[in-house]
Structures are given as structure tokens and as C-alpha cells.
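**Student:**
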Amino acid sequence: MRVLFATWTGSSHLLPMVPLAWAARAAGHDVRMAAPPSCTDAVVGAGLTAVPVGRDVSREELARRTEGLAAWLGEKAPWPRDWARSPETAGGEVAAVYRALAEKQFVVADAMVDDLLAFARHWHPDVIVHDSVCYAATVVGAVLGVPAFSHMFGSPMITRNELQDMTGDPLPGYAALFERFGAEPPRGPAGWIDPCPPELRWPADVERTDIRFVPYNGSGAVEPAWLREPKRRPRVCLTWGLTAAQVRPERMPEAFEQTLKAVTALDVDVVLAVTAAHRGLLGSLPPRVRVAENIPFSLLLPECDALIHHGGTGTGLTAVAAGVPQLMFPLAPVLAAFAERVDAAGAGIMLDPYRASEAPTVEAALRTLLAEPARARTAAVRAGMTALPAPADVLSLLRTAADCAR
């Protein structure tokens, strides 16, 4: 079986698909991973064969199409706390933001689709697995009659960004992608493959195929010796995430500084997890603070007792897989949708990111997370995650779809 994986732009959508691609390759299937040129190094780093398609769309071009979207990340927005329960009816700013996201995704799809279709016509995949907003892959599946599965990237909810009000007819930009090739937009993917554990999901009116979240945060790392040294006090990991650092890098020093003031008041060791590119944004650091550059969370978090982060799903699910309670300061309402579910499940605590400097609040939350009841609740969520089908067990779904399409 030939399996074509495809992602749009950004590693946060690529990385969750890697374990399924590994499983397919280990089972003897032919695998390719198509992505914009800027993502191909990450594909090759995962040990997969990369297929560069299209061109990289500049941030400036995306900003022109989605004015205000970058500024929205990190600014307080008055969204209802439970908006994710029914995003299609939330209206107002929720609808405007998701419409802007869709326009951004259509621009990237338009840049990818010609090359992706040309490769698929040459390679003849039996099945396609794409991240949930890689609409170029949806077009290719429709044009060639190949089953195309949407692989979620850890989000606790399913949103149909490509549809009017998330439920109606295709948006013009989405329909135009298909019209170029004389095809009709499908009603939905061949199936939804979802690595978010059921305990952390918002309800959705679609059938999902569960897949166990297997942490993969990048390769090529050498485990540092200090991780194996006995801990003298609890170890707390602090990170602000790749997305937040890329979109609002000027806010990283402020975010770290405010949170560190609160955390270092406790008798804990702190590990700041950053990329090498963002190391220079940090100023002088207090005692008992160590900087960890480019260490995958799958290596780092099992040796930590708590995690403080921005609410990203990849980071948060890796913490659950490690059994580590988490304190979340979601920097955007979309991130808060995940943080709320983690909080409700007892695997973490969500705080207002605009109160990160309020030391008593942070201290109290961390004391709660470092206590045994929080670890026990996190372990229960982790047990539910590990009970889900492994990536290798999901391959039968792809084989059945490929056989039926022949």
C-alpha cells in the first residue's frame, strides 16, 4: 500500500502524524510525506521521505490576507468560556477568527495543490492522510478518487473552517480550489483520526477513529547527563511554545520573567525549555534555573514534576503522556479550549495569562499540582490515553479504505 501523508505549514501539524507514518513504514508500506519546502527538513529529520510541494508562503503575504490574526494571538479576547462546545454557533469574534484562519489555510493550499496533484498522479497513492487543514490534500483526494483521511493535530475539537459558519456550504476560497480541477468539494474526509484522548475532547457530531498519542517532538537529540542526576527538589519545566515564540517573540522575555518571579519563590528547580534561536531573548536568570535548548519534551518531561506552558496541544498531550501535571496560561482562546479540558479532567490548572505576574496565584496552583492528588488524577488521564489503539492498529482502517477504492 502506498500512503501519502501531507501537511500544510508548521511543525505542530506535522509532528502528530509522524508515529502513524512510522507504523506504516515498519509494516512494509511505501510512505511519502508531502509538505511545503520549509517543512522538509523536519520530515527528513523524522526519518521519512520528504516531497517538497509548492512554495513557502511568506508571513507578510499571509498577514495581508488575514489582517489582525497575528495580533489576536496573545491579546485578551472576550470569548465565552465554553465557546468550544459549539463553535459554529458562537458568532462574533469566534466566527471572524475562524474565517481568517480559513483564508490563511486556503492561501497555503493554493500554493501547494498543483505540485501535490502532479506528484500524486505520478506516484499513485492508495490512500492519503493529511493534517486537518491541509486542504490541498483534500483536493487531490477528490480529483483522483483516493480516500483522504484527516489526521487531527491534538485539538480537543473538530472545526470545519472551510464551511460557511462551519456547517453550511463551502466557503468561496475552498470551492475555488476544487473548481480549478473540475471537482466537487467532498462532504467531509474519509475519516477523522484523532490523537486527543476522549477525556480531553469537546463533543463533536462526527465519528472519530481513536489513535494513541505517541509523543514525537523532533529527533537528533542527545539526552543530557543532568537529566539522570538525582533531583534535590521538585523540577518544574517552563516553556512558552514554538507558536507563541514565532508569532509574538517580543513577548517571550516578559512572559518568562513574570512567571519565573512567581515560580522561584518556591523550593523548586526550574528548567526553561527554549529553542537555540530564542535563547538570546532571555536575560539574566535567577538561581536554580537551567536553560534547556532544543531538547524534545518527550525526553525532558518524564524527568519533571510539573510543566508550565502556553496551552499548546502538542506540549500538553506530551505532558499527559509523561504523567506530568500542567499549569497553563493559554495565550489565545483556541488554546484555552484545550486548557479548559485538561483542567476539567484534573490533569492541570488553567490560569489567566494576564495574571502571570500574580505570584500568590501561581504559587498556589503549583503547590496543588506538586501534591499527590494532582499526580493521581493526571495518571488516570494518562491511563486512558495509553489504552487507545496504537498507530500500528489504525493501519487496518487505511487498508480497508484503499481496498474499497480500487
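Sequence positions in the sequence shown follow mature numbering (1 follows the signal peptide of the UniProt record, and there is no 0) and run -23 to -1, 1 to 383.
Virtual Cβ for every residue (Gly too), placed ideally from N, Cα, C.
Sort out for me which residues DSSP pairs T186 with in a bridge.
**Tutor:** According to DSSP, which records beta bridges pairwise, T186 is partnered with I170.
**Student:** With a floor of 4 residues, list each alpha helix (DSSP H) that falls wholly inside the region 110 to 148, ordered by position along the chain.
**Tutor:** Taking only runs of at least 4 residues, the alpha helix (DSSP H) segments lying wholly in the region 110 to 148 are 112 to 121.
**Student:** At a cut of 8 Å, does the region 137 to 151 reach the region 187 to 204 through at least three beta carbon pairs?
**Tutor:** The region 137 to 151, when compared against the region 187 to 204, does not touch it at the 8 Å Cβ threshold.
**Student:** Whole-angstrom Cβ separation of A23 and V(-6), contact assumed at under 8 Å?
**Tutor:** About 5 Å separates the two Cβ atoms, so the contact holds.
**Student:** Of the choices T290, P172, L243 and W169, whose alpha-carbon is the least far from that of L346?
**Tutor:** For the residues T290, P172, L243 and W169, the minimum Cα distance to L346 belongs to L243.
**Student:** Quick check on E156 - is its C-beta less than 8 Å from some C-beta in chain C?
**Tutor:** No chain C is present in this structure, which holds just one protein chain.
**Student:** Using DSSP bridges, identify the partner residues of E176.
**Tutor:** Paired residues: none, contrary to the question.
**Student:** Excluding the 5 residues flanking A88 on each side, which residues of the same chain have their C-beta closer than 6 Å to its C-beta?
**Tutor:** Taken in chain order, the residues that qualify are G31, R32 and V34.
**Student:** What are the start and end residues of the alpha helix (DSSP H) that includes F274?
**Tutor:** Taken as a continuous stretch (DSSP letters only), the alpha helix (DSSP H) holding F274 covers F274 to L277.
**Student:** Name the one or two DSSP bridge partners that P29 has.
**Tutor:** A12, per the DSSP bridge assignment.
**Student:** Closest to R211 by C-alpha separation, out of T355, A(-3) and L343, would be which residue?
**Tutor:** A small correction: the amino acid at residue 211 is Pro; Arg does not occupy that position in the sequence shown. Comparing Cα-Cα distances from P211 to each of T355, A(-3) and L343, the minimum goes to L343.
**Student:** Do you know offhand how far S132's Cα is from R383's?
**Tutor:** Roughly 32 Å separates the two Cα atoms.
**Student:** What do you get for R98, buried or exposed, if any count of 16 or more other CB atoms within 10 angstroms of its CB means buried?
**Tutor:** R98 is exposed by the Cβ-count criterion.
**Student:** Within the same chain, show all residues whose beta-carbon is closer than 6 Å to that of P273, passing over the 5 residues directly before and after it, in chain order.
**Tutor:** N194, G195 and A198, listed in sequence order.
**Student:** Of all the options Y75, W56, Q82 and A73, which has the alpha carbon lying nearest to the alpha carbon of T(-17)?
**Tutor:** When each option's Cα is compared against that of T(-17), the closest is Q82.
**Student:** Between the Cα of C281 and the Cα atoms of G289, E349, A296 and V268, which residue gives the shortest distance?
**Tutor:** It is A296.
**Student:** Below 7 Å CB to CB, which residues in the same chain sit around A1 once its five sequence neighbours on both sides are set aside?
**Tutor:** Taken in chain order, the residues that qualify are V(-21), V8 and L372.
**Student:** According to DSSP, simplified to helix, strand and coil, what is M(-23)?
**Tutor:** Three-state DSSP puts M(-23) in coil, outside helix and strand.
**Student:** Can you name, in chain order, every residue of its own chain whose Cβ lies under 6 Å from the Cβ of V245, other than the five neighbours on each side?
**Tutor:** Cβ within range, chain order: R210, P211 and V213.
**Student:** Under the assumption that V339 contacts V240 (Cβ atoms under 8 Å), give the Cβ distance between them as a whole number of angstroms.
**Tutor:** Confirmed, Cβ separation roughly 7 Å.
**Student:** Using CA coordinates, which residue listed in R359, G168 and H286 is at the minimum distance from P307?
**Tutor:** P307 has its Cα closest to that of H286, out of R359, G168 and H286.
**Student:** Please determine, among A309, W179 and V191, the residue with the shortest C-alpha to C-alpha distance to A364.
**Tutor:** Of the candidates A309, W179 and V191, the one whose C-alpha sits nearest the C-alpha of A364 is V191.
**Student:** Taking all protein chains shown into account, do 16 or more other C-beta atoms lie within 10 angstroms of the C-beta of R318, making it buried, or fewer, making it exposed?
**Tutor:** Flag for R318 reads buried.
**Student:** Just checking my contact of P172 with P(-8) at CB under 8 Å: how many whole Å lie between their CB atoms?
**Tutor:** So it is a contact: roughly 6 Å between Cβ atoms.
**Student:** Between the alpha carbons of A77 and G150, how many angstroms are there, rounded?
**Tutor:** Approximately 11 Å between the Cα atoms of the pair.
**Student:** Our contact map puts T236 next to L215 with C-beta atoms below 8 Å; I'd like the distance itself, whole angstroms only.
**Tutor:** Contact flag correct, Cβ pair sits at about 6 Å.
**Student:** What does a CB cutoff of less than 6 Å around S(-13) pick up in its chain, not counting 5 residues either side in sequence?
**Tutor:** Counting only Cβ-Cβ distances below 6 Å, and skipping sequence neighbours, we find A19.
**Student:** Which word fits G69, buried or exposed, when buried means at least 16 other C-beta atoms lie within 10 angstroms of its C-beta?
**Tutor:** The residue is exposed, with fewer than 16 neighbouring Cβ atoms inside 10 Å.
**Student:** Pop quiz: V90 and V116 are said to be a contact at Cβ under 8 Å. What is the actual Cβ separation, rounded to whole angstroms?
**Tutor:** With 8 Å as the limit, V90 and V116 qualify as a contact, their Cβ atoms being about 5 Å apart.
**Student:** Under three-state DSSP, which class holds V85?
**Tutor:** Looking at V85 - three-state DSSP - the assignment turns out to be helix.
**Student:** Got a sec? Which residues, its chain only, sit under 7 Å from P102 by beta carbon, not counting five neighbours each side?
**Tutor:** Around P102: R(-22), V(-21), L(-20) and V123.
**Student:** Rounded to whole angstroms, what's the CA-CA distance from A48 to A379? Just pull it up for me.
**Tutor:** Any reading at A48 is ruled out, since the residue's pLDDT is 47, under 50, leaving its predicted position unreliable.
**Student:** Go to V21, then tell me how far its alpha helix (DSSP H) extends in each direction, as first and last residue.
**Tutor:** Taken as a continuous stretch (DSSP letters only), the alpha helix (DSSP H) holding V21 covers T17 to G22.
**Student:** Under the three-state reduction of DSSP, which class applies to D103: helix, strand or coil?
**Tutor:** D103 falls in the coil class under three-state DSSP.
**Student:** Mapping DSSP to helix, strand and coil, what is residue 385?
**Tutor:** Shown here, the chain extends from -23 to 383; a query on residue 385 therefore has no answer.
**Student:** Report all residues from its chain with a CB closer than 7 Å to the CB of L39; omit the five preceding and five following residues, and keep chain order.
**Tutor:** Excluding residues within five positions, the ones whose Cβ falls inside 7 Å are K81 and V84.
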